[in-house]
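Report on one structure; see the data block that follows.
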Amino acid sequence: MRCLRCNCPLEPGHKSVALYIFAQTVGIKPRQKSAAQRISFCPQCAVSLAMGPPPEGALNMVAWDLIRDLVGSDPALNQAAWETLSGVLGLLPATGTDPDSGSQPAGYFEF
Ligand SMILES: [Zn+2]
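Just so you know, we're using our numbering here: the sequence shown kicks off at 191 and counts up by one.
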C-alpha cells in the first residue's frame, strides 16, 4: 500500500488515512454492488490536502471534505504528521555542528 499523493510506502501498522470507495446501483434490479477499493494517504499528505485549496471534480471534492472532517475534528492526525516531519528533521545534521568536520568551513555541502 502506498500513499496516493506522494507514493511513499505505507507498511501495515503505519499511521495513515484510508478512504474506501464502492459503487452500488440504486433503483435497479438486481441491485449490484462493486468491490470496495481502498485509497490511502500518509498523515502529512492528509493534513496538507485538508489545509490546501479545494480540488477540482465532484468526487475529489467529496474525498477532500471527508479528510478535512478527520483533520479538523481531532489533533491526533496532525500530531502524527508532525511526528513524522520532526523525525525527518531530526535525521538532518545541523550545519557546522558535526564534531568531525569542525575544522572545515560550514555553509556548503561536499559530495
Ligand atoms: Zn503522502
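The C-beta atom is built at its ideal place from N, Cα and C for all residues, glycine as well.
Taking its Cβ as the centre, do 16 or more other Cβ atoms sit within 10 Å of residue i, making it buried, or is it exposed?
| i | result |
| --- | --- |
| Q294 | Any reading at Q294 needs caution, since the residue's pLDDT is 48, under 50, leaving its predicted position unreliable; the model's value is listed next. That one is exposed. |
| A213 | exposed |
| S206 | buried |
| S291 | Since pLDDT at S291 reaches only 47, below the 50 mark, its modelled position is unreliable, and the value read off the structure follows with that caveat. Exposed. |
| C235 | buried |
| P233 | buried |
| I257 | buried |
| A208 | exposed |
| V278 | exposed |
| V252 | exposed |
Our contact map puts residue i next to residue j with C-beta atoms below 8 Å; I'd like the distance itself, whole angstroms only.
| i | j | result |
| --- | --- | --- |
| W254 | P244 | 6 Å |
Looking at the structure shown, is residue i part of a helix, part of a strand, or coil, going by DSSP?
| i | result |
| --- | --- |
| I218 | coil |
| S230 | strand |
| R192 | strand |
| M225 | Position check: residue 225 holds Ala in this sequence, whereas Met was assumed. In this structure, A225 counts as coil in the three-state DSSP scheme. |
| L200 | coil |
Out of the options, point me to the one whose CA is closest to residue i's CA.
| i | options | result |
| --- | --- | --- |
| L194 | H204, R228, L249, E246 | R228 |
| L249 | V216, Y210, L260 | Y210 |
| A225 | E246, T215, R258 | T215 |
| S263 | A240, E246, G203 | A240 |
| L275 | N197, S238, G242 | S238 |
| F231 | H204, E273, V278 | H204 |
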